[in-house]
Amino acid sequence: MHDASSPLEVAVGDLRLRSPLLTASGTFNLKTDLTGVLDVRGLGGIVTKTVTRKPRPGNPPPRIAEVPGGLLNSIGLENEGLEGFRARELPRFAAAGVPLIVSIGGDDAGEFAELAAAFGGRPEVAAVEINVSCPNVDRGTAAFAARPAAMARVVQACRDATRARLWVKLSPESPDLWAFARAAEEAGASALTVANSHVGLAVDWRRRRPVLGRGAAGYTGPGIKPLTLRLVQTVAGATRLPVVGAGGVESADDVMDYLVAGASAVEVGTAYLRHPGVFADITAGLERFVQEEGIGRLQDWVGTLAS
Amino acid sequence: MQQPDRPPMIVEEGVVLGSRPAGTADCTLLSLRSPRVAARVRPGQFVMARLLRRDFPYLGRPLSVADVDPADPEVLLLVFTAVGAGTRRLAEASPGDAVRLVGPLGNGFTIAPAAEHVLIAGGIGVAPFPLLARYIARLDPGAQRVCLLGAATRTGLHLAARLRALGVVVETATLDGSEGFRGNVVERLAAHGLHPGSRLYACGPDAMLAALARHLGPTSDTCQAALEAHMACGFGACNACVITVADPGESGGHHELACLQGPVFALGRVRWERTPPVCVAARPSGGP
Chain A
948 MHDASSPLEV AVGDLRLRSP LLTASGTFNL KTDLTGVLDV RGLGGIVTKT
998 VTRKPRPGNP PPRIAEVPGG LLNSIGLENE GLEGFRAREL PRFAAAGVPL
1048 IVSIGGDDAG EFAELAAAFG GRPEVAAVEI NVSCPNVDRG TAAFAARPAA
1098 MARVVQACRD ATRARLWVKL SPESPDLWAF ARAAEEAGAS ALTVANSHVG
1148 LAVDWRRRRP VLGRGAAGYT GPGIKPLTLR LVQTVAGATR LPVVGAGGVE
1198 SADDVMDYLV AGASAVEVGT AYLRHPGVFA DITAGLERFV QEEGIGRLQD
1248 WVGTLAS
Chain B
6 MQQPDRPPMI VEEGVVLGSR PAGTADCTLL SLRSPRVAAR VRPGQFVMAR
56 LLRRDFPYLG RPLSVADVDP ADPEVLLLVF TAVGAGTRRL AEASPGDAVR
106 LVGPLGNGFT IAPAAEHVLI AGGIGVAPFP LLARYIARLD PGAQRVCLLG
156 AATRTGLHLA ARLRALGVVV ETATLDGSEG FRGNVVERLA AHGLHPGSRL
206 YACGPDAMLA ALARHLGPTS DTCQAALEAH MACGFGACNA CVITVADPGE
256 SGGHHELACL QGPVFALGRV RWERTPPVCV AARPSGGP
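Here the protein sequences come in this chain order: A and B.
Here the working numbering is used: the first residue of the first sequence is 948, the next is one more, and so on.
Here the working numbering is used: the first residue of the second sequence is 6, the next is one more, and so on.
Set out below in structure tokens:
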């Protein structure tokens, strides 16, 4: 769709993307025939759902609840594990013809390192996204999101295991996110994804129970966009690493907001669940900005927010 | 895995033609002009429906397609109860309102010749049955079609007149005895009896389907049941609508998605003890 000189082309470090639009982890797969709804080759890239060493059943349903500004989810990293993913899903993603970013998760640095090694060396994998920030699992994540040193040990273990591009997906719940960003940079990260789901709660007051079984759950959707946008600004100002924005993007304006605030590209998740045609709509909107407003190359807008 | 012959889903802007209570206060019959979805939908499939130009509800709601208007095959009929603010908003739609539809979604019912087709419905679970009854008449002409329609009380019995107009023998059951058989629809099925040549289709609350599975025993493998689940997308991306199913010889079972592998499952495959009942207060349409 877009040639090498497309004004929509951006770069995350040395990884060139034909569009700033990536799928967000856990919200996209190729099990459904998307003909006529989504031109996968027009995407900047695909970020897979998080893969763990062993298969995980995830959390019992219900796993989602609508709330103002989006939804709460508590999927719990359900996935078929490294072997199952490599055998059944990786070939399908590899055939999609766009940069593939494999999201990995684990309980400890050793598990992350094993996964980073397994995917990092494969030619069909453009980058590995290290998910140290899922709010819906018990072990590991809380510690990774609480202390920069714990997170950095994971990143360092992955770096020791592979020379591949490593994107580190940060938690918006972490205090002093700039400190996490710098720790990830020192540990060998190539880029930072800002950010994972915020954490929210829905209650059924009549039953005096949380709506979702685990209680707190990941909050995503347009309601978190201003919160995450600010985090992108903070992180972009704290490190030299490229930043991938993720939080409530559903329009071409949202994309430009993120780019100006410091993101080199964006991930779109909840908006796609709501409307599978959203990537086409956003792309058309960006092309309109280019053609009708003469905004030039998107790349040139990255990090240009006046201070 | 989706059936290979399933056509791709469509995103279409439907237009509301009319919305009216379907005989009772909490049940709505929404007719929409949606030519491309209407042309492709098969019995038991569903759509995600969301009013456009409204901030709420944010997500579409999964709704069974009840029928396609034989007089105007571009018109879809959706039948649902307003269980929360989201479905209530849909129920209030006015003629001319735009509704974004994603569909047709899921694997529907499989129809094969049978001496008798028995449609077992609990409450609003009757929703997919008019279209199913129409297809059975087309694919297995002359076969007996019976709908056993159960609800707590008579105001919960929906679409009986529409089914009868399609030539279906409708037998009602109410827990309070306010109409038809006094008792639940599984007890009504026991009274009806089953023949070796009966083909069973079921849709209703999880508790009803679980009771039906217990009643049928091994026969439940041949009963097709349409299940309900919380979902954000309807096309396999959100991974929310897991149903625990087990195949012969498999202990414990595995997850399949109500939206992709379902919503119709062989009833005997469903492991109810691992599939928590859908709680009305927690379903997406029960949100703020």
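The beta carbon of each residue, even a glycine, is placed where N, CA and C say it ideally should be.
So residue 194 of chain B and residue 220 of chain B are supposed to be a Cβ contact under 8 Å. How far apart are they, rounded? 7 Å
Three-state secondary structure (DSSP) at residue 51 of chain B? strand
For residue 234 of chain B, which option in A:1134, A:970 and A:1007 has the closest C-alpha, if you only look at C-alpha atoms? A:1007
If you measure between the beta carbons of residue 49 of chain B and residue 36 of chain B, is that distance less than 8 Å? A distance of 8 Å or more separates the beta carbons of residue 49 of chain B and residue 36 of chain B.
Residue 267 of chain B vs residue 232 of chain B beta-carbon contact at 8 Å: yes
Tell me whether residue 1001 of chain A is buried or exposed, calling it buried when 16 or more other Cβ atoms sit within 10 Å of its Cβ. exposed
Local conformation of residue 177 of chain B per DSSP, three classes: strand
Tell me, please, whether the stretch 1153–1171 of chain A touches the stretch 1008–1027 of chain A by the rule of three or more beta-carbon pairs shorter than 8 Å. yes
Note down, in chain order, every chain B residue with its Cβ under 8 Å from the Cβ of residue 1205 of chain A. The premise fails here: residue 1205 of chain A is roughly 20 Å from chain B at the closest Cβ pair, so nothing lies under 8 Å.
Run through chain B and tell me which residues come within less than 7 Å of residue 975 of chain A, C-beta to C-beta. 242
Does residue 146 of chain B pass the burial test, meaning 16 or more other C-beta atoms within 10 Å, or should it be called exposed? exposed
Measuring only between beta-carbons, confirm whether residue 1033 of chain A sits less than 8 Å from chain B. no
Going by DSSP, what residue range makes up the beta strand (DSSP E) through residue 1246 of chain A? No beta strand (DSSP E) contains residue 1246 of chain A, which DSSP labels as neither H nor E.
Close-in-space but distant-in-sequence residues of the same chain around residue 69 of chain B (CB under 6 Å, 5 per side omitted): 51, 132 and 133
Pull the bridge partners of residue 32 of chain B from the DSSP assignment, please. Looking at the DSSP assignment, residue 32 of chain B forms a beta bridge with B:86.
Mapping the DSSP letters down to three states, classify residue 152 of chain B as helix, strand or coil. Three-state DSSP puts residue 152 of chain B in a strand.
Which residues share a DSSP beta bridge with residue 268 of chain B? B:112
Tell me which residue opens and which closes the beta strand (DSSP E) that residue 208 of chain B is part of. 203–208
Does the beta carbon of residue 1020 of chain A sit closer than 8 Å to a beta carbon anywhere in chain B? yes
For the alpha helix (DSSP H) that contains residue 1175 of chain A, what are its first and last residues? 1172–1185
Can you confirm whether residue 1 of chain B, when its beta carbon is compared against all beta carbons of chain A, has any partner nearer than 8 Å? Residue numbering for chain B in the displayed model covers 6 to 293; residue 1 of chain B lies beyond these limits and cannot be assessed.
Rounded C-alpha distance that separates residue 47 of chain B from residue 100 of chain B: Inter-residue distance for residue 47 of chain B and residue 100 of chain B is about 25 Å (C-alpha atoms, whole angstroms).
So which residues of chain B does residue 1222 of chain A contact, with C-beta pairs closer than 9 Å? 16, 55, 65, 105 and 107
Compare the beta carbon distance of residue 91 of chain B and residue 62 of chain B with 8 Å and say whether it is the shorter of the two. yes
Does the beta-carbon distance from residue 106 of chain B to residue 34 of chain B come in below 8 Å? no
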